[in-house]
Structures are given as structure tokens and as C-alpha cells.
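Q: Sharing a structure, written as C-alpha cells. Questions coming.
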């Protein structure tokens with residue numbers, strides 16, 4: 001689905017490839033300087049194939065799961081959501097393509113911006129210290145801490161908060177991100193487990209005291225992104241990110257080779 005056919009329109013005042021925002025999900029475009037390539041069909045068979053099989057209007061549904069591949073994202077969803085939520089004058093039957101022009105003009109005046117004050121938790125922290133947790137149940141407890149903190153943030157946040165608006169309209173991110181921004185980041189997992197205490201003195205980092213069994217000594221981050229992470233929390237956080245980065249670089253070739261072997265083995269299979 002990442003190869004689609006479009007009818008090009010030359011724009012003399014620009015050297016940038018422009019496509020409709022509704023087809024961004026097909027190319028997994030994420031607005032961070034992605035590079036795309038254009039191939040021009042030259043022969044009659046290739047033009048016919050583009051017109052019949054690869055045209056953007058012929059690929060609205062995915063052949064893999066019959067789910068739509070072209071849909072509104074990010075600002076487009078947020079604009080319509082805010083306009084309907086604040087005025088409540090629009091009916092579903094009136095949401096045609098022409099309404100998007102009205103939404104664009106309205107959003108230019110209304111706007112949506114996120115500041116630091118929108119990320120700060122307004123609830124006073126209450127904590128219980130020196131709690132004994134069974135090692136068998138520590139993973140469950142840590143997950144519950146994250147879920148409970150997320151729920152408290154969602155219940156206490158102003159419903160007109162720009163972050164809450166983007167998440168509620170489902171244009172960007174989830175309430176998990178809101179909890180990590182305003183409350184706490186939570187436990188970091190390395191290969192599905194907490195960072196192991198493998199250094200001399202039964203500790204995960206040289207910074208930790210010998211035989212340190214605290215949650216913070218094994219990758220639990222009780223700071224939020226808005227508050228900022230201390231050096232030790234940041235180190236544990238980078239460990240989880242590095243694991244994902246290595247898996248992306250190493251496992252991609254393995255998955256591709258497995259897919260090639262499977263496709264070659266079933267080439268003679270007919271339906």
C-alpha cells in the first residue's frame with residue numbers, strides 16, 4: 001500500500017511534493033522531514049496498471065484487513081471536534097466535504113496551542129512511603145501505579161485543556177502520554193523485565209547503593225516529563241529506547257528474509 005498512483009499537478013512556485021493529508025497514513029508520514037520518491041509511468045501497460053490497481057481512489061480499503069487506509073488525521077480531526085464541541089450547531093448529515101473549508105477558516109481564528117501550564121498537574125501529590133511489596137507481585141503493582149496515576153490525571157484535568165482536546169478527539173496520542181507528561185513516566189522495561197541487578201553489590205547501576213532493592217534502583221521513574229527526569233531516571237529511560245532502536249535495526253532484516261522465504265515457498269500455490 002506504500003506505492004500509490006496520483007495525477008500530478010505542476011506548481012511553479014514550489015519544489016515540494018504535496019499530497020492530501022487524508023493519504024498520509026498510507027505512507028506512514030509523520031511530518032519530520034520524510035523523503036518520498038516519484039516514478040512516472042511511461043508505457044501503456046504501466047499507465048493502465050496505475051489507473052486500475054494503484055490509483056488512490058482504488059485503494060481506500062486495505063486488502064489485508066478491509067480497514068480504511070485514507071482518513072482524517074491530527075489537525076483535521078481536532079478542528080472539526082472543537083467546532084462541534086463548542087457550538088453544537090452541526091448535524092452529522094451536514095458534514096460534507098465543503099464543511100472542511102468552514103472548519104479551516106474557523107480554526108485560523110480559534111487556534112490550538114499547548115503551553116507548559118497545560119502539562120503541569122494541578123493535583124497535590126499524596127504518597128505512601130516504605131511499602132513492602134512481594135517480589136512476585138511487583139510487576140503487577142508497578143503497572144497499577146501507572147494506570148491509577150493516569151486515571152487521576154484524566155479525571156482532574158481541565159476538559160478544555162489542549163492536550164486533553166487532542167486526545168479526546170483521537171487526533172493525536174493517548175491518555176497514557178498525558179499521564180506521563182503530567183504525573184509520572186512509570187516503570188522502564190528491558191526485554192520485558194525490570195533492569196537486572198547485575199553489577200557488583202547486587203545493583204543495577206553504579207550510582208545505586210549496594211544491595212539496593214528500591215523501585216527507583218530498578219528503573220522506576222516517579223518524575224513526569226513536564227517536571228523533568230534526573231540523571232539516573234534518564235539513564236534507565238534511555239535503556240528502554242535503545243532496546244527499541246536496536247531491535248528496529250537488527251530484526252528488520254530477519255523479518256524481511258522470513259517474508260521472502262514464505263513468499264517463495266508458496267509461489268506455486270493457487271487458489
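Numbering (the UniProt record's numbering), first residue to last: 1 to 271. C-beta: ideal position from N, C-alpha, C; glycine also. It should be emphasised that the depicted structure is a prediction, and the values quoted were computed from it without experimental measurement.
1) Let me know the secondary structure DSSP gives residue 273 once reduced to three states.
2) Would residue 39 be called buried (16 or more neighbouring beta carbons within 10 Å of its own) or exposed?
3) Going by other Cβ atoms of all chains shown within 10 Å of its Cβ, with 16 needed for buried, is residue 179 buried or exposed?
4) To the nearest angstrom, how far is the alpha carbon of residue 323 from that of residue 224?
5) Any beta-carbon of chain D closer than 8 angstroms to the one on residue 144?
6) So is residue 248 buried or exposed if we call it buried at 16+ other beta carbons inside 10 Å?
7) Using only alpha-carbon positions, find the residue among 145, 153, 5 that is nearest to residue 49.
8) With DSSP run on the structure shown, which of helix, strand or coil describes residue 172?
9) Considering Cα atoms alone, identify which of 150, 33, 8 is closest to residue 177.
10) Relative to the C-alpha of residue 190, which residue among 213, 183, 218, 142 is closest?
11) Determine contact between the stretch 192 to 211 and the stretch 155 to 172, defined as no fewer than three beta-carbon pairs at a distance below 8 angstroms.
12) Thinking residue 17 and residue 170 are a contact (beta carbons under 8 angstroms), I'd like their distance in whole angstroms, please.
13) Classify residue 15 as buried or exposed, calling it buried when 16 or more other Cβ atoms lie within 10 Å of its own Cβ.
14) Using C-beta distances below 7 angstroms, list every residue in its chain close to residue 200, excluding the 5 sequence neighbours before and after it, in chain order.
15) If I follow the unbroken alpha helix (DSSP H) through residue 199, where does it start and stop?
16) Going by other Cβ atoms of all chains shown within 10 Å of its Cβ, with 16 needed for buried, is residue 252 buried or exposed?
17) For residue 206, is the classification buried or exposed, using 16 other Cβ atoms within 10 angstroms of its Cβ as the cut-off for buried?
A: The structure says:
1) Shown here, the chain extends from 1 to 271; a query on residue 273 therefore has no answer.
2) Numbered from its first residue, the chain shown carries residue 39 at position 39. Classification for residue 39: exposed.
3) Here residue 179 refers to the residue found at position 179 of the chain shown. Burial call: buried.
4) Here the chain has residues from 1 to 271 only, and residue 323 is not among them.
5) Absent here is chain D; the protein component of the structure consists of one chain.
6) Position 248 of the chain shown holds residue 248. Label assigned to residue 248: exposed.
7) Residue 49 sits at position 49 when you count from the first residue of the chain shown. For residue 49, the nearest C-alpha among the options comes from 5.
8) Residue mapping note: residue 172 aligns to position 172 of the chain shown, counting from 1. DSSP places residue 172 in the coil class of the three-state scheme, outside both helix and strand.
9) Position 177 of the chain shown holds residue 177. It is 150.
10) For the purposes of this step, residue 190 is identified with residue 190 of the chain shown, where counting begins at 1. Selected option, being the one with the closest Cα: 218.
11) Look at the beta carbons and you see the stretch 192 to 211 not touching the stretch 155 to 172: under three pairs across the two are nearer than 8 angstroms.
12) Stepping through the chain shown from its first residue, residue 17 is reached at position 17. Stepping through the chain shown from its first residue, residue 170 is reached at position 170. Their Cβ separation, rounded to whole angstroms, is 27 angstroms, which puts residue 17 and residue 170 out of contact at 8 angstroms.
13) To locate residue 15, count along the chain shown from 1; it is residue 15. Burial call: exposed.
14) Position 200 of the chain shown, counted from the start, is the residue given in the question as residue 200. Answer for residue 200: no residue qualifies.
15) Working through the chain shown from its first residue, we reach residue 199 at position 199. Where residue 199 is concerned, there is no enclosing alpha helix (DSSP H), given that its DSSP letter is neither H nor E.
16) Translated into positions along the chain shown, residue 252 becomes position 252. Exposed: under 16 other Cβ atoms inside 10 Å.
17) The residue labelled residue 206 in the question sits at position 206 within the chain shown. It counts as exposed.
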